[in-house]
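**Q** Residue numbers (the working numbering): 1 to 170. Sending over a structure as structure tokens; questions will come in a sec.
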């Protein structure tokens with residue numbers, strides 16, 4: 001079931017992937033990878049409430065998985081309307097467990113820019129640079145922060161689109 005789901009995901013057949021993964025979950029309800037993949041498939045399909053449920057189920061089994069916690073945070077940010085404050089809270093929770101997790105630092109910097117916490121974003125970017133000085137997206141993140149700082153608090157941040165691109169693990 002999972003290999004069929006992976007093929008469906010690659011083909012961007014999210015509904016098919018969700019069907020296969022749901023069957024796999026019924027056969028093995030405690031399988032961690034299936035829970036995570038159900039979260040990913042639902043997120044890709046734009047079902048962020050459902051994705052949240054699957055990511056939380058996965059985190060109940062493995063609460064220290066920084067990648068899954070970062071994905072959970074993105075479900076809050078990607079909703080319509082976005083809930084960046086919830087995303088920030090979840091990302092900060094993730095950093096308590098894994099302070100050097102690059103995707104979480106990346107996403108937190110974007111969320112802080114989105115919520116106009118520019119000092120917090122700058123501090124997070126400094127931490128990201130300490131953890132991964134050659135992180136390829138660091139210059140773009142710094143440029144985004146400076147761009148919104150220069151345009152003032154009423155300017156659109158642009159972080160919304162940047163935040164929707166998934167970071168790579170560090």
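Backbone N, C-alpha and C define an ideal beta-carbon position, used for all residues, glycine too.
(1) Where does residue 69 sit, in a helix, a strand or coil, going by DSSP?
(2) Within the segment 6-89, note down every full alpha helix (DSSP H) run reaching 4 residues or more, in order along the chain.
(3) Just to confirm the assignment, what range does the alpha helix (DSSP H) spanning residue 124 have?
(4) On the CB-based measure, 16 or more other CB atoms within 10 Å of its CB, does residue 90 come out buried or exposed?
(5) State the CB to CB distance for the pair residue 145 and residue 113, rounded to an integer number of angstroms; the pair is presumed to be in contact (CB under 8 angstroms).
(6) Does the ligand MN have a heavy atom nearer than 6 angstroms to the CB of residue 35?
(7) Grouping DSSP H, G and I as helix and E and B as strand, with all else coil, what is residue 104?
(8) Less than 8 angstroms between C-beta atoms, sequence neighbours within five positions excluded: which residues of the same chain meet that for residue 118?
(9) Please work out which residues of its chain come closer than 8 angstroms, Cβ to Cβ, to residue 32, disregarding the five sequence neighbours upstream and downstream, and give them in chain order.
(10) Taking the CB atoms as reference points, tell me whether residue 14 and residue 51 lie closer together than 7 angstroms.
(11) Roughly how many whole angstroms lie between the Cα atoms of residue 174 and residue 38?
(12) CA-CA distance, residue 128 and residue 151?
(13) Does DSSP put residue 136 in a helix, in a strand, or in coil?
**A** Answer, in terms of the structure:
(1) Position 69 of the chain shown, counted from the start, is the residue given in the question as residue 69. The answer is helix: DSSP assigns residue 69 an H, G or I state.
(2) If only uninterrupted alpha helix (DSSP H) runs of at least 4 residues are considered, those enclosed by the segment 6-89 are 14-27, 32-44, 48-61, 66-78.
(3) Against the chain shown, residue 124 aligns to sequence position 124. Element bounds for residue 124: 118-131.
(4) For the purposes of this step, residue 90 is taken as the residue at position 90 of the chain shown. When all chains shown are included, residue 90 counts as buried.
(5) The residue labelled residue 145 in the question sits at position 145 within the chain shown. The residue labelled residue 113 in the question sits at position 113 within the chain shown. Between residue 113 and residue 145 the Cβ distance is about 6 angstroms, and since that is below 8 angstroms, they are a contact.
(6) This structure lacks the ligand MN; in fact it carries no ligand of any kind.
(7) As a first step, residue 104 must be located in the chain shown, where it is residue number 104. DSSP places residue 104 in helix when its eight states are reduced to three.
(8) By 1-based counting over the chain shown, the position of residue 118 is 118. Excluding residues within five positions, the ones whose Cβ falls inside 8 angstroms are 112, 145, 148, 149.
(9) One-based indexing of the chain shown puts residue 32 at position 32. The answer, listed in chain order, is 58, 61, 62.
(10) Locating residue 14 in the chain shown gives position 14, counting from the first residue. Locating residue 51 in the chain shown gives position 51, counting from the first residue. No, these two residues do not count as a Cβ contact at 7 angstroms.
(11) The chain is shown from 1 up to 170; residue 174 falls before or after that span and cannot be answered.
(12) For this step, residue 128 is matched to residue 128 along the chain shown. For this step, residue 151 is matched to residue 151 along the chain shown. Going by the C-alpha atoms only, they are around 24 angstroms apart.
(13) Counting from 1 along the chain shown, the entry for residue 136 is found at position 136. In the three-state DSSP reduction, residue 136 falls in the coil class, being neither helix nor strand.
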